[in-house]
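Asks:
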Amino acid sequence: MTDSNAVVAPADADERRAAPPIVCYRVDQLAAYDQAFYDRLKQGMTIISEVIVDPRDASCFEVPAGCFFRIVSVEGSQVGDLNLWNKNDLSERFFSGKTRQLHASHVTRGDRLWSNFPSLRPMATITHDTLEWYGWDADGAGVHDVIGTRCDPYTNHRLNGVDYHHCCHSNLTRALAEHLGISLAEAEPHVHDVLNVFMCTGFTNDSKQYFMKASPVRPGDYIEFFAEIDLLGDLSACPGGNCGSSHSDDSTPCYPLKVVVYQPVVALPDDWQSPAPSGYGGGHGT
Ligand SMILES: [Zn+2]
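Everything in the sequence shown is counted per the numbering used here, starting at -1 for the first residue and increasing by one.
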């Protein structure tokens, strides 16, 4: 049967498709990543707090500006979903979409986690990533994506018709409510699209569908961040475990994650300060 809606390609279809791709954002215009700056600060830094995130649960943590934090794999291969806020103003939060546009679909050392409008400034800089060797695999997958959102009970219910209460969205909501002493209803709107820490994902070659595959993370691996501003973090140990089979259920082995916060003993330069919010004047053409 012919498809009456099928559209025939125009004669110059190949020519149109051959237009060269142009990288949208000139990130070389941003301040360069200064590895030596962070390496110097990391010499002899001391632990100021540690949090264990239980499997299929989430925990909050705070990181003062100028300190570092690591998300560490412990016990088994496990993926984490990370939310970040300005600790002093929860309306400023991690903006995964703009981070993706400025850097790439997956982030690693040297990339920054940007905040939403109107601030649009680096909240954190990735200063070490033990999985940076992974790069891009034959399926086009990489690690630490900013393309997925977070597993959530609404999508799960629509697809499977069941209530599951330990999706990352719910875990992040519960942990934030508990940390701030507010209700679930007050906490939920603050939960946002995540950095999928250790998660290995991509888009299928043929249909461009979002896929996941078993994470290469192993106990001892970590990703390290420098806090550019005072941060409130919230990390969920995804019910998908290493996300090599399923998520949004209890069928996959799941392991804890550890968050370690470090304070440099080396003093920050006198002229160091948190990045300023975007300088856009806010007129919007009016
Ligand atoms: Zn999840």
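For glycine and all other residues, C-beta sits at the position ideal for the given N, C-alpha and C.
Mind checking whether the beta-carbon of Pro187 lies closer than 7 Å to any heavy atom of ligand 1?
Replies: Mapped onto the sequence shown, residue 187 falls at position 189. It does not: the Cβ of Pro187 is nowhere closer than 7 Å to a heavy atom of ligand 1.
Asks: I need the boundaries of the alpha helix (DSSP H) containing Glu186, first residue and last residue.
Replies: The residue labelled residue 186 in the question sits at position 188 within the sequence shown. No alpha helix (DSSP H) holds Glu186; DSSP gives it neither H nor E.
Asks: Could you give the residue range of the beta strand (DSSP E) that holds Arg68?
Replies: Reading the sequence shown from its first residue, position 70 is the one you call residue 68. Arg68 -> beta strand (DSSP E) spans Phe66 to Ser71.
Asks: Apart from the five residues on each side of it in sequence, which residues of its chain come closer than 7 Å, Cβ to Cβ, to Leu174?
Replies: Taking the sequence shown and counting its residues from 1, one reaches residue 174 at position 176. In chain order, Cys58, Ala185, His188, Val189 and Asp232 place their CB closer than 7 Å to the CB of Leu174, counting only its own chain and leaving out the 5 sequence neighbours on each side.
Asks: Would the beta-carbon of Met121 fall within 8 Å of that of Glu48?
Replies: Walking along the sequence shown from the start, residue 121 turns up at place 123. Walking along the sequence shown from the start, residue 48 turns up at place 50. At the C-beta level, Met121 and Glu48 stay beyond 8 Å of one another.
Asks: Between which two residues does the beta strand (DSSP E) carrying Ala122 extend?
Replies: For the purposes of this step, residue 122 is taken as residue 124 along the sequence shown, with counting starting at 1. Element bounds for Ala122: Pro120 to Asp127.
Asks: Verify the contact flag: Arg172, CB atom, against every heavy atom of ligand 1, threshold strictly below 7 Å.
Replies: The sequence position of residue 172 within the sequence shown is 174, counting from 1. No, the beta carbon of Arg172 sits no closer than 7 Å to any heavy atom of ligand 1.
Asks: Could you check whether Asp228 and Pro62 sit closer than 8 Å to each other, using their CB atoms as the reference points?
Replies: Stepping through the sequence shown from its first residue, residue 62 is reached at position 64. Stepping through the sequence shown from its first residue, residue 228 is reached at position 230. Against a cut-off of 8 Å, the Cβ pair of Asp228 and Pro62 comes out as a contact.
Asks: If you follow the beta strand (DSSP E) that Asn169 is part of, which residue opens it and which one closes it?
Replies: In the sequence shown, the residue the question calls residue 169 occupies position 171. First-last for Asn169: Cys166 to Leu178, but that is the alpha helix (DSSP H), not the beta strand (DSSP E).
Asks: Between His101 and the rest of its own chain, which residues show a CB-CB distance below 6 Å, the 5 nearest in sequence each way excluded?
Replies: Numbered from 1 along the sequence shown, position 103 holds the residue referred to as residue 101. Around His101: Asp109.
Asks: For the beta strand (DSSP E) that Glu222 lies in, which residues bound it at each end?
Replies: Residue 222 sits at position 224 when you count from the first residue of the sequence shown. From DSSP, the beta strand (DSSP E) with Glu222 extends over Tyr220 to Ala225.
Asks: What first and last residue would you give for the beta strand (DSSP E) that runs through Asp143?
Replies: As a first step, residue 143 must be located in the sequence shown, where it is residue number 145. Counting along the chain, the beta strand (DSSP E) containing Asp143 begins and ends at Gly140 to Asp143.
Asks: So Ile69 and Val195 are in contact, right, with Cβ under 8 Å, and what is the actual spacing, rounded?
Replies: As a first step, residue 69 is located in the sequence shown; it is residue number 71 there, counting from the start. As a first step, residue 195 is located in the sequence shown; it is residue number 197 there, counting from the start. That pair is a contact at about 5 Å.
Asks: Quick check: is any heavy atom of ligand 1 less than 7 Å from the C-beta of His142?
Replies: Residue numbering aside, residue 142 sits at position 144 when the sequence shown is read from its first letter. Every heavy atom of ligand 1 is 7 Å or more from the Cβ of His142, so no.
Asks: When you compare only the Cα positions, how much space is there between Trp83 and Pro19?
Replies: Walking along the sequence shown from the start, residue 83 turns up at place 85. Walking along the sequence shown from the start, residue 19 turns up at place 21. The straight-line gap from Cα to Cα measures roughly 34 Å.
Asks: State the Cα-Cα distance for the pair Gln271 and Val263, rounded to the nearest angstrom.
Replies: By one-based count along the sequence shown, residue 271 stands at place 273. By one-based count along the sequence shown, residue 263 stands at place 265. Gln271 and Val263 have their C-alpha atoms some 17 Å from each other.
Asks: Give me the Cβ distance between Val144 and Arg98, rounded to the nearest whole Å; I'm assuming they're in contact under 8 Å.
Replies: The residue you call residue 144 lines up with position 146 of the sequence shown. The residue you call residue 98 lines up with position 100 of the sequence shown. Val144 to Arg98, Cβ: 4 Å. Contact.
Asks: Drop a sphere of 10 angstroms on the beta-carbon of Asn3, count the other beta-carbons inside from all chains shown, and report buried for 16 or more, exposed for fewer.
Replies: Numbered from 1 along the sequence shown, position 5 holds the residue referred to as residue 3. Exposed, by the Cβ-count rule.
Asks: Considering Cα atoms alone, identify which of Ala9, Val258, Tyr208 and Ala274 is closest to Ile45.
Replies: Counting from one through the sequence shown, the residue named residue 45 turns up at place 47. Taking only the C-alpha atoms, the option nearest Ile45 is Val258.
Asks: Confirm the yes/no value for this check: CB of Asp79, any heavy atom of ligand 1, distance under 7 Å.
Replies: Position 81 of the sequence shown, counting from 1, holds the residue named residue 79. The answer is yes for Asp79.
Asks: Measuring only the C-alpha atoms, how far is Val160 from Asn169?
Replies: Counting from one through the sequence shown, the residue named residue 160 turns up at place 162. Counting from one through the sequence shown, the residue named residue 169 turns up at place 171. Taking C-alpha positions only, Val160 is separated from Asn169 by approximately 17 Å.
Asks: So, using beta-carbon positions, are Lys85 and Ala139 closer together than 8 Å?
Replies: Numbered from its first residue, the sequence shown carries residue 85 at position 87. Numbered from its first residue, the sequence shown carries residue 139 at position 141. Going by C-beta atoms, Lys85 is not nearer than 8 Å to Ala139.
Asks: State the CB to CB distance for the pair Ser94 and Arg216, rounded to an integer number of angstroms; the pair is presumed to be in contact (CB under 8 Å).
Replies: By one-based count along the sequence shown, residue 94 stands at place 96. By one-based count along the sequence shown, residue 216 stands at place 218. At roughly 25 Å, the Cβ-Cβ gap does not stay under 8 Å, so Ser94 and Arg216 are not in contact.
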